[in-house]
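Notes follow once the structure below has been shown.
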Amino acid sequence: MPRRVDLAPVLALAAAQEGLVGADQCARLGVARAVLARRAASGAWLRIATGVYDTSPRSARDHDARRRRAAWAGLLALGPGAVAVGSCALALLGVAGLPPTIRPEATLGESARRPRGLVVPRQFDDGMTCVRVGGRLVASPEWALAQAVPELPRRNGLAVLDSVLAQRMLTPRGLRRAHDLARGRRGVARTHDLWGLADAGGESPLESFARLECVDAGLPPDRLQLEVRDDDGTFVGRGDLAWWLGDGRWLVAELDGRDVHGSPEAVYADRVRQNAMLSTGRVVLLRFTSADLPRLAATIGRELARHRRRPAPAPAPVTATT
11 MPRRVDLAPV LALAAAQEGL VGADQCARLG VARAVLARRA ASGAWLRIAT GVYDTSPRSA
71 RDHDARRRRA AWAGLLALGP GAVAVGSCAL ALLGVAGLPP TIRPEATLGE SARRPRGLVV
131 PRQFDDGMTC VRVGGRLVAS PEWALAQAVP ELPRRNGLAV LDSVLAQRML TPRGLRRAHD
191 LARGRRGVAR THDLWGLADA GGESPLESFA RLECVDAGLP PDRLQLEVRD DDGTFVGRGD
251 LAWWLGDGRW LVAELDGRDV HGSPEAVYAD RVRQNAMLST GRVVLLRFTS ADLPRLAATI
311 GRELARHRRR PAPAPAPVTA TT
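Numbering (my numbering), first residue to last: 11 to 332.
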């Protein structure tokens, strides 16, 4: 009868790695490969790449966790010296706006090697700087953006750029350096405008997606995060995207994301805030969800035409008061 093996240290380590563990890590903790093979054969664990096991394959994971899991898969498949790059680095850094699914990518600082299962080794960028996340090496925000943005769908590209500014991971100057690092990469030509559009006022991926829809339709908003005040100057709310209508009035688009606006408390707070904005008489309010994105720009365009939109005033105090 096989000796009982204490898996608690392995499972504790896996919990910090989105449920994944490497065979080399198990060996250092005294767990032999034969034990890993038995766990996989029983269905308790799942081998997802050479030497990489999922210790909780049936666990439900949200999008953020699945993206981090992909990043850990790449790191563990290539071993202790691996560096997470591109979208995987952004996922581990906590950048928002990535697609729901990303492929595991890492580098070893040497010529690209053959894929190991689902993991794609990447060429190491000469001069790439790194930071540590969870004890592992990850491309720095500047380098991770330079690697990822040229390969991402345009709307996700803008969303991650907005996110690093909103979270103050980079300054506008740092973002320009990242853009310079991206120049010459395959796919970067279709993203050059995104680097200039990036704005810390894009506080959620949905807002970034909506803004790009409007920009591409020739209807860029005049303000992001417009502060609305009543006649006494009291702050009553903030609008996600805003267009100046003239005569002291604004068209405001509110983007209702499930994560931020989904709870009953959030719904109530949104209603109170939006009613207060409307009561000023200076706001025309439209609400959208992710399902509305394909029609959002057309809706905005019709509303602007209906109100005979005028040119926006020069930036001053960003309020909706006259």
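Think of the CB as a built atom: it goes at the ideal place given N, C-alpha and C, for glycine as much as any other residue. None of these values were measured; they are calculated from a predicted model.
Check: What is the rounded straight-line gap between the Cα of Met287 and the Cα of Gly311?
Finding: 21 Å
Checklist line | Every unbroken alpha helix (DSSP H) inside the region 32–73 [4 residues or more] | finding: 33–38, 43–52
Check: Alpha carbon to alpha carbon, how far is Asp203 from Asp232?
Finding: 17 Å
Next item on the list: Pick helix, strand or coil for Glu313, following the three-state DSSP scheme.
Entry: helix
Note to self: Can you tell me whether Thr117 is buried or exposed? The criterion is at least 16 other CB atoms within 10 Å of its CB, across all chains shown.
What the structure shows: buried
Margin query: Would the region 22–36 count as touching the region 47–62 if we require 3 or more Cβ pairs under 8 Å?
Written below: yes
Check: From Val282 to Gly267, what does the alpha carbon distance come to, in whole angstroms?
Finding: 17 Å
Note to self: The beta strand (DSSP E) that contains Ala263, what's its start and end?
What the structure shows: 259–265
Next item on the list: Compare the Cα-Cα distances from Val141 to each of Pro110, Glu213, Leu102 and report the closest residue.
Entry: Leu102
Item checked: Cut-off 7 Å between Cβ atoms - residues of its own chain near Arg221, not counting five sequence neighbours on either side -> Gly212, Pro231, Leu251
Margin query: Between which residues of its own chain and Val294 is the CB-CB distance below 8 Å, once the five residues before and five after are set aside?
Written below: Leu255, Arg259, Trp260, Leu261, Val262, Glu313, His317
Check: Would you call the CB atoms of Arg146 and Ala94 closer than 8 Å?
Finding: yes
Margin query: Using only the alpha-carbon positions, how far apart do Pro90 and Trp82 sit?
Written below: 11 Å
Notebook entry, point to check: Going by the CB atoms, is the gap between Ala156 and Glu223 shorter than 8 Å?
Noted result: no
Checklist line | Simplified DSSP assignment, three categories, for Asp240 | finding: coil
Notebook entry, point to check: Taking the beta strand (DSSP E) that Asp250 falls in, what are its first and last residues?
Noted result: 245–256
Next item on the list: Measure the C-alpha to C-alpha separation of Arg187 and Ala54 and round it to an integer number of angstroms.
Entry: 46 Å
Check: Does DSSP classify Ala227 as helix, strand or coil?
Finding: coil
Notebook entry, point to check: Since Glu115 is in the beta strand (DSSP E), which residue starts that stretch and which ends it?
Noted result: 115–117
Notebook entry, point to check: From Ala315 to Ala149, what does the alpha carbon distance come to, in whole angstroms?
Noted result: 46 Å
Check: Just the Cα atoms here: how many angstroms apart are Phe298 and Arg76?
Finding: 27 Å
Notebook entry, point to check: In terms of residues, what are the limits of the alpha helix (DSSP H) holding Leu171?
Noted result: 164–176
Next item on the list: Flag this pair as yes or no: are the beta carbons of Thr111 and Pro160 separated by less than 8 Å?
Entry: no
Notebook entry, point to check: Is Leu108 helix, strand or coil when you go by DSSP?
Noted result: coil
Check: Which of the three DSSP states, helix, strand or coil, is assigned to Leu6?
Finding: Nothing in the structure corresponds to residue 6, since the chain is present only between 11 and 332.
Note to self: Using a 10 Å radius around the Cβ and a threshold of 16 neighbouring Cβ atoms, would you call Phe369 buried or exposed?
What the structure shows: With the chain represented from 11 up to 332, any question about residue 369 goes unanswered, as that position is not in the structure.
Check: Would Ala18 be called buried (16 or more neighbouring beta carbons within 10 Å of its own) or exposed?
Finding: exposed
Check: Is it buried or exposed for Met11, if we count other Cβ within 10 angstroms and need 16 for buried?
Finding: Low confidence applies to Met11: its pLDDT is 47, below 50, so where it sits in the model is not reliable enough to give any reading.
Note to self: Does Val20 come out as helix, strand or coil in the three-state DSSP assignment?
What the structure shows: helix
Margin query: Could you give the first and the last residue of the continuous beta strand (DSSP E) run that contains Leu147?
Written below: 146–149
Notebook entry, point to check: Which same chain residues, not among the five before or five after Ala26, have their C-beta less than 8 Å away from its C-beta?
Noted result: Gly144
Checklist line | 6 Å CB neighbourhood of Glu217 in its chain, flanking five on each side removed | finding: Asp250, Leu265
Item checked: Leu21 to Leu171 span [Cα, whole Å] -> 35 Å
Next item on the list: Could you spell out the range, first to last residue, of the beta strand (DSSP E) harbouring Arg196?
Entry: Note, Arg196: premise wrong, no beta strand (DSSP E); not H, not E.
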